[in-house]
Amino acid sequence: MSDTSRTSDTRTPAQIEADIKRRRETLAETLDEIGVRVHPKTIVGDAKAKVASQIDHTLGRAYVGVNRVVGDAKG
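For the sequence shown, the working numbering gives the first residue as 165, with consecutive numbering after it.
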């Protein structure tokens, strides 16, 4: 909202209507984004990606650890 008071608003009715239209479009976009974020498929997909990332990280650490032990045994 504007910091100016209602009495000092010098916009024309057309400008006010254009501003309302822009705000409605912005609100619609925001609501669409929220709808996507809270959609069950999105939540499940995000959870799967997080678990897969954690598994990849754990497997990578295990691989490094095994290689270190094998290297120490050879060396």
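Ideal Cβ positions, reconstructed from N, Cα and C, are used throughout, including at glycine.
Sequence-distant residues of its chain with Cβ nearer than 8 Å to residue i (five each side left out)
{"i": "Arg251", "result": "What is shown of the chain runs 165 to 239, which leaves residue 251 out entirely."}
Test item: CB-CB of residue i and residue j under 8 Å
{"i": "Thr206", "j": "Val200", "result": "yes"}
C-beta neighbour in chain D for residue i, strict 8 Å
{"i": "Arg175", "result": "Of the chains in the structure shown, none is chain D; there is only one protein chain."}
Residue i beta carbon near the ligand MN (any heavy atom closer than 7 Å)
{"i": "Val215", "result": "Looking at this structure, you won't find the ligand MN or any other ligand, since it has none at all."}
Next on the checklist: Threshold first: 4 residues or longer. Then list the alpha helix (DSSP H) segments lying entirely within the segment 170-205, N to C.
Outcome noted: 177-202
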